[in-house]
Amino acid sequence: MKKKSIIILSLLACLTIFLNMRTTVYSGLNTVRSNYQVPLYSKIYRFIERHNNHQNLTNEIIPNNININSEKKILLVARWVDLNIKEVPKGVDIIDFHPWTVIERKMAVSEQFSDILSILLVYAGIDSFWMFTRDNDKIGRNPLTLVKIEKNWTVIDPLYGLYFSCQNNEFCSISQLKKGGWQAKDFNQKIIDNNSLLKDLERKKGGGKNMSLLNYYNAAFLNIISEDKILKMSRYDWHGRSLLQSPFPRLVYELRRLFKN
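Using numbering that gives the first Met the number 0, you'd call the opening residue of the sequence shown number 0 and step up by one each time.
Written as structure tokens, this is what we have:
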């Protein structure tokens, strides 16, 4: 009995020491990165708290008592992001910390729209991540959200509040988008004239590029990853943080990174 008690006390002491180890937290303010030290238990607690916040928010956006397909779930989440997250106004600090910070502030820079959308979609049970298009002299590098619907991947642009339909599909596959023939729609499924200028979209109110949707997105789709390449990737190699907000996927990701090094 005494030996057993010593073992238990020793394990508790080791656990206490482990949980009180100092670990680094990174944050960004106006593109300047900084870091500070916190106890490991604090980092774990805050991580779980954010995970619960993401899950609860997703459950509010998509109530558990309604039975809807993936396409409708995607539109519900995209519509929520469109209505609740606005661009950071000029003169206001740009904060790059945890995704939940963006949701709390209700303000984002360009790539954070795709970051938040992809995270909430994953919590809704839909595979999603975001990435920049390859740098292009015509349009630059632009963040787009990639979303899996059944066996195909499609593209959503939450920054401009658009998704893309084809003749036979509400959401075009990436392969179809690369061929052209798509139709832009807003998240209320309203058709948007492909010849409209980005800067004239209600979502941007004069702050977008002086290019037509047709020219801009045709160039973007040609410069985005193919579906074949996505299918060959591990989910844990996806760009962005969509998988890293939940405990188990985060654990798998960290273990893979540990053994790779």
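Positions of the beta carbon are idealized from the N, C-alpha and C atoms, including for glycine.
Three CB pairs or more closer than 8 angstroms across the segment 151-163 and the segment 218-238:
Touching, yes.
In the DSSP assignment, find the alpha helix (DSSP H) that holds Q111 and state where it starts and stops.
On the sequence shown, residue 111 is found 112 positions in, with the first residue counted as 1. Counting along the chain, the alpha helix (DSSP H) containing Q111 begins and ends at 109-122.
Using only alpha-carbon positions, find the residue among A183, Y235, R240, S109 that is nearest to L254.
Locating residue 254 in the sequence shown gives position 255, counting from the first residue. Ranking the options by Cα distance to L254, first place goes to Y235.
Three-state class that DSSP yields for S233 in the structure shown:
Taking the first residue of the sequence shown as position 1, residue 233 is located at position 234. S233 falls in the coil class under three-state DSSP.
Starting from the Cα of V296, find the closest Cα among L176, Q54, L116, A107 and give me that residue.
Given a span of 0 to 260 for the chain in the structure shown, any question on residue 296 remains unanswerable.
Which listed residue (Q188, S233, S113) has its alpha carbon closest to that of L145
Translated into positions along the sequence shown, residue 145 becomes position 146. Ranking Q188, S233, S113 by Cα distance to L145 puts S113 first.
For D185 and L161, the rounded distance between their alpha carbons:
Along the sequence shown, one-based indexing puts residue 161 at 162. Along the sequence shown, one-based indexing puts residue 185 at 186. Their Cα atoms are separated by approximately 5 angstroms.
In the structure shown, what three-state DSSP assignment does S241 receive?
Within the sequence shown, numbered from 1, the residue matching residue 241 stands at position 242. Reduced to three states, the DSSP call for S241 is coil.
Quick check on the DSSP output: the beta strand (DSSP E) that includes D156 runs from which residue to which?
On the sequence shown, position 157 is the one that residue 156 refers to. Segment 151-156, the beta strand (DSSP E) holding D156.
Can you tell me where the beta strand (DSSP E) with F131 in it begins and where it stops?
Sequence index remark: in the sequence shown, residue 131 carries index 132 (1-based). Following the DSSP letters along the chain, one finds F131 inside the beta strand (DSSP E) bounded by residues 127-131.
Using CA atoms only, rank isn't needed, just tell me which of I94, I47, N34 is closest to R249.
Along the sequence shown, read from residue 1 onward, the residue named residue 249 stands at position 250. Ranking the options by Cα distance to R249, first place goes to I47.
Cβ of L56 less than 7 angstroms from any chain C Cβ?
Protein chain content of the structure displayed is limited to a single chain, and chain C is not contained in it.
Burial state of F128 (16 or more Cβ within 10 Å):
Indexing the sequence shown from 1 puts residue 128 at position 129. Buried: at least 16 other Cβ atoms inside 10 Å.
In this structure, how does DSSP classify Y44 when only helix, strand and coil are distinguished?
Residue numbering aside, residue 44 sits at position 45 when the sequence shown is read from its first letter. If DSSP states are grouped into helix, strand and coil, Y44 belongs with the helices.
Taking Cβ to Cβ, would you say R49 is nearer than 7 angstroms to Q36?
Counting from one through the sequence shown, the residue named residue 49 turns up at place 50. Counting from one through the sequence shown, the residue named residue 36 turns up at place 37. Result no, Cβ atoms of R49 and Q36 do not sit closer than 7 angstroms.
Please report the distance separating the alpha-carbon of H53 from that of N141.
On the sequence shown, position 54 is the one that residue 53 refers to. On the sequence shown, position 142 is the one that residue 141 refers to. Each residue's alpha carbon lies about 25 angstroms from the other.
Please report the distance separating the alpha-carbon of L119 from that of W79.
Stepping through the sequence shown from its first residue, residue 119 is reached at position 120. Stepping through the sequence shown from its first residue, residue 79 is reached at position 80. If you take the alpha carbons of L119 and W79, they lie about 10 angstroms apart.
Please state the DSSP three-state secondary structure of E86.
Residue 86 sits at position 87 when you count from the first residue of the sequence shown. Strand, per DSSP.
Which value, in whole angstroms, describes the spacing of the CA atoms of A107 and G90?
Taking the first residue of the sequence shown as 1, we reach residue 107 at position 108. Taking the first residue of the sequence shown as 1, we reach residue 90 at position 91. If I take the Cα positions, the gap works out to 13 angstroms.
What is the residue span of the beta strand (DSSP E) that Y162 lies within?
Taking the first residue of the sequence shown as position 1, residue 162 is located at position 163. Note, Y162: beta strand (DSSP E), 161-164.
Closest residue to Y40 among T15, I60, N34 (Cα-Cα distance)
The sequence position of residue 40 within the sequence shown is 41, counting from 1. The shortest Cα separation from Y40 among T15, I60, N34 belongs to T15.
Which same chain residues, not among the five before or five after Y177, have their C-beta less than 7 angstroms away from its C-beta?
For the purposes of this step, residue 177 is taken as residue 178 along the sequence shown, with counting starting at 1. Per the sequence shown, the amino acid found at residue 177 is Lys instead of Tyr. So the list reads F220, L221, once near-sequence residues are dropped.
Between N83, K42, F96, which lies nearest to V31 when the distance is taken from Cα to Cα?
On the sequence shown, residue 31 is found 32 positions in, with the first residue counted as 1. Nearest of N83, K42, F96 to V31, Cα basis: F96.
Cβ distance (whole Å) where Q182 is taken to contact S164 below 8 angstroms
Start at 1 with the first residue of the sequence shown, and residue 182 comes out as number 183. Start at 1 with the first residue of the sequence shown, and residue 164 comes out as number 165. The Cβ separation is near 5 angstroms, so the contact holds.
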